[in-house]
Amino acid sequence: MDFYTRLVYARRWPLVGRLAYYALKLLGSEIPHSVEIGPGFTLVHGGFGVVIHPRTRIGADVKIYPGVTLGRADIHIPIEQSAFEGIQIEDGAILSPGSKVLCKAGVLRVGRGAVLGANAVLLEDLPDGEIWAGVPARKVGMRTE
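Residue numbers for the sequence shown follow the working numbering, beginning at 1 and rising by one.
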């Protein structure tokens, strides 16, 4: 486990959690304490530019590359008026560099083992094991493992 990933998990510790959160911010990653993260998570290459909405749940063995954003698609309205409920990243998913996951209503789900391509903009659920790319993101293949 690299230094950055250790900081991500250290956010949960009572005494050093706040320091770990601010250290991540200084290193270029915004991952609030409320974000639930499963085991085996990797913040690849330090995750510079990663921004994760506080209402996000991340499963086990997820890889997030630099420049990834997980957030609301309706930032033009107050959160109190938004139908946004959160984002769920399932086990084994890979979010490639620069990809964006933007949810307007409900919970947007990135499926188990799914891959979101570089600089893709995901606006709807990504099914298990599929590879999506483009703006807006569309299916381009299946992950075979």
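From the three backbone atoms N, C-alpha and C, an ideal C-beta is built for every residue, glycine too.
DSSP state of residue i mapped onto helix, strand, coil
i    : result
L102 : strand
G117 : coil
A133 : strand
L95  : strand
G111 : coil
L126 : strand
N-terminal and C-terminal residue of the beta strand (DSSP E) that residue i is part of
i    : result
G141 : 138-142
Residue i vs residue j beta-carbon contact at 9 Å
i    : j    : result
A118 : P136 : no
V68  : K100 : yes
G28  : V8   : no
A93  : F84  : no
I77  : F41  : no
V110 : E90  : yes
T33  : R12  : Residue identity differs from the one stated: residue 33 is His in this sequence, not Thr. A contact, by the Cβ cut-off of 9 Å.
I37  : V16  : no
P66  : V35  : no
Alpha-carbon spacing of residue i relative to residue j, whole angstroms
i    : j    : result
L123 : D2   : 31 Å
R112 : I131 : 11 Å
V121 : V44  : 19 Å
E30  : D128 : 26 Å
G146 : L95  : This structure does not reach residue 146, given that the chain is present from 1 up to 145, and the question cannot be answered.
L5   : G46  : The sequence given here has Thr at residue 5, not Leu. Their backbone Cα atoms lie some 8 Å apart in a straight line.
L102 : K139 : 17 Å
F48  : Q81  : 31 Å
G71  : I87  : 8 Å
A133 : K104 : 19 Å
Y22  : P39  : 21 Å
L19  : G141 : 41 Å
T144 : D125 : 20 Å
**Request:** At 3 residues or longer, and completely inside the stretch 1-84: list those beta strand (DSSP E) runs for me, N to C.
**Result:** 56-58, 69-72
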